[in-house]
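To keep things clear, I will list the structure first and then write my remarks on it.
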Amino acid sequence: MTSPPAPVALPQHAGIHIESLMFGYGKQPLFTHFNASLQQAGIYGLFGRNGSGKSTLLKILAGLLAPHAGRVDVLGYVPRQRAAEFLCQMYILPEEFHLPNLTPDSLRRTHAGFYPRFSAALFGIYLHELDVPANQTFGAMSLGQKKKAAIAFALATQTPLLLMDEPTNGLDIVSRAQFKRLMARPEQQERLVLISTHQAHDLESILGHIWFIDQGQLVLSWPMFDLPNWLSMGVASDAASLPPPAVLLYQEPIGQQIAWVARRVADGTSAASAASAALAPSPVQLELLYKALSLNKDAVLAALPSGNLTSKPTCKPAYAPASAPPFHPQGKP
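Numbering that gives the first Met the number 0 numbers the first residue of the sequence shown as 0 and each following residue consecutively.
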C-alpha cells in the first residue's frame with residue numbers, strides 16, 4: 000500500500016474547530032451539537048446524503064451563515080464576525096455563481112488584490128491546464144468552462160483554507176481528470192482543502208481524509224490510507240462468491256456482477272479470502288463506501304475501531320503529525 004504524504008502542519012491558530020454547533024432552517028434543525036476538528040493541511044472530502052447540510056456547513060465555516068449556538072473557530076477567527084484578516088485567508092467556491100460580464104482576466108484584476116498570496120503565474124498555468132480562455136466572458140462560456148475558470152481562480156488564491164462545494168459538477172470526464180491533476184500538485188498539499196461532493200469516484204485518488212455527516216452529526220472522520228485495514232471492497236461474479244454474511248456489510252448488482260463492502264476479519268486478512276477466488280478485492284472505492292454508509296451506517300461504523308474517529312483521538316488525518324500545534328482562537332464567539 001502506498002504510504003500517505005509527509006505530514007504538513009498548519010501554522011499555529013490554523014485549522015477548523017467546531018464545538019456543539021446548532022443550526023437549522025425555520026423550525027427544522029439541521030445540526031445538533033455537531034463537533035468536528037481539522038488541524039492539518041491536506042485535502043478532505045465532505046460526504047453526506049442530500050439535505051444533510053454539506054453546503055450549509057461550508058457556508059458556516061466561511062461566515063456566510065451564523066450558528067444558532069455553539070462555537071466555530073476557523074484559522075483562529077470567528078467566521079460570522081467576517082474580519083478582513085480572516086476573509087483574505089480563506090476562499091469558498093460555491094456550487095453556483097453568477098459573473099456574466101467578467102472574463103477570467105478581469106476577475107483576476109478586480110479580485111486578486113483581496114488575497115495576499117494570489118499568484119497570477121499559477122492562475123495562468125491553471126487556466127492553460129484546464130483549457131479555459133482568459134479573455135472570454137463567463138456569460139459566453141459553457142457551464143463546464145465557467146466552473147473550470149472559477150476553480151483556477153480559487154486555486155490561485157493560495158489561501159490557507161479553501162472550501163469547495165461540488166467542484167466537479169458540470170465537468171466532463173476530461174475536465175474531471177484535469178481537475179484531479181491540479182489538486183494533486185504539491186502546492187495544494189500545503190493548504191487545508193475541504194471539498195463537499197457527491198462525485199465520490201472522481202475524488203478518491205486525491206483525498207487524504209473523509210468526513211461523513213448524517214442526521215446532524217459527524218458520524219465518520221477517517222484517513223483514507225487506513226480504511227483498507229478495516230474494510231474490504233470488491234466485485235463478485237455471483238451471489239455464491241460473496242464474502243460470508245457475517246462480514247458482508249453492503250452489496251449491489253452491477254450488470255451481471257455484484258459489488259460489495261465487507262468487514263476485514265480479526266487477523267487482518269481480507270474478508271474476501273473466506274469467499275471464492277473469483278472475488279477481486281480493491282483499494283477504497285468511495286462510491287461504494289458512501290452507499291454502504293448511507294444504507295447500513297451502524298454496521299459500517301461498527302467495523303471500524305471505536306465505531307468512528309470522533310471517539311478515537313489516536314487516529315489522525317492522513318497528513319497529521321504525531322502532535323498538533325496548540326490552538327488559541329482570536330476574537331470571541
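Here a beta-carbon is modelled for each residue, glycine too, at the ideal position from N, C-alpha and C.
query: Are there three or more Cβ pairs, one per stretch, closer than 8 Å when the segment 280-300 is compared with the segment 200-210?
result: yes
Beta-ladder partner(s) of Met-163, from DSSP: Leu-92, Ile-194
- prompt: So the alpha helix (DSSP H) Gly-128 belongs to, where does it begin and stop?
  reply: In the sequence as displayed, the identity of residue 128 is Glu instead of Gly. Its alpha helix (DSSP H) spans residues 119-128.
- prompt: Leu-333 and Ala-245 look like a contact to me (Cβ under 8 Å); what is the Cβ gap, rounded to whole Å?
  reply: As displayed, the chain neither begins before 0 nor continues past 332, which places residue 333 out of reach and without an answer.
query: Excluding sequence positions up to five away, which residues of its chain have a Cβ less than 6 Å from the Cβ of Arg-116?
result: Gln-157
Candidates Leu-241, Ala-258, Ala-120, Tyr-90, of which the one nearest Leu-191 by Cα: Tyr-90
- request: State yes or no: is the C-beta of Gly-215 within less than 7 Å of the C-beta of Phe-30?
  value: yes
message: Looking only at its chain, what residues have a beta carbon closer than 7 Å to the beta carbon of Ala-338, apart from the 5 residues adjacent to it on each side?
response: With the chain running from 0 to 332 in the structure shown, residue 338 is simply not present.
message: If you follow the beta strand (DSSP E) that Leu-230 is in, where does it begin and where does it stop?
response: 230-235
message: According to DSSP, Met-21 sits in a beta bridge with which residue or residues?
response: Ala-68
- request: Give every residue of the same chain whose Cβ lies closer than 7 Å to the Cβ of Pro-332, excluding the five residues on either side of it in the sequence, and list them in chain order.
  value: Confidence at Pro-332 is low in this model, with a pLDDT of 36, below 50, so the placement of that residue should be treated as unreliable; the coordinate-derived value is given next. If we look at Pro-332 and ignore the five residues flanking it on each side, its Cβ neighbours are Arg-70, Val-77.
message: On the criterion of 16 or more Cβ atoms from any shown chain inside 10 Å, does Ile-17 qualify as buried, or is it exposed?
response: buried
- prompt: Contact check, Lys-146 vs Gly-169 under 8 Å by CB: the rounded distance?
  reply: 5 Å
- request: Please classify Asp-225: does DSSP put it in a helix, a strand, or coil?
  value: helix
- prompt: Would DSSP call Glu-251 helix, strand or coil?
  reply: strand
- request: Quick one: measure Cβ to Cβ for Glu-165 and His-197, integer angstroms, because I've assumed they're closer than 8 Å.
  value: 7 Å
- request: Return the CA-CA distance between Pro-243 and Ile-212, expressed in angstroms with no decimal places.
  value: 29 Å
- request: Determine the direct distance from the alpha carbon of Ala-13 to that of Pro-320, and round the result to whole angstroms.
  value: Unreliable positioning characterises Pro-320 in this predicted model, as indicated by a pLDDT of 29, which lies under 50. A coordinate reading is not provided.
task: Determine the contact status of Leu-248 and Ala-291, defining contact as a CB-CB distance below 7 Å.
output: yes
message: In the DSSP output, which residue or residues are listed as bridge partners for Gly-44?
response: Ile-194, Ile-209
- prompt: Taking Ser-220 as the reference, which of Ala-111, Trp-210, Asn-228 has the closest Cα?
  reply: Trp-210
- request: Verify whether the separation of the beta carbon atoms of Phe-137 and Leu-98 is less than 7 Å.
  value: yes
Thr-31, enclosing beta strand (DSSP E) - first and last residue: 27-37
message: On the DSSP letters alone, give me the boundaries of the beta strand (DSSP E) that Val-260 sits inside.
response: 256-262
field: Nearest-angstrom beta carbon gap, Ala-238 and Ile-257 [assumed within contact, 8 Å]
entry: 7 Å
query: What separation, rounded to the nearest whole angstrom, lies between the Cα atoms of Met-140 and Ser-105?
result: 15 Å
Beta-ladder partner(s) of Val-73, from DSSP: Ile-15, Tyr-76
query: Span of the alpha helix (DSSP H) holding Ser-293?
result: 285-301
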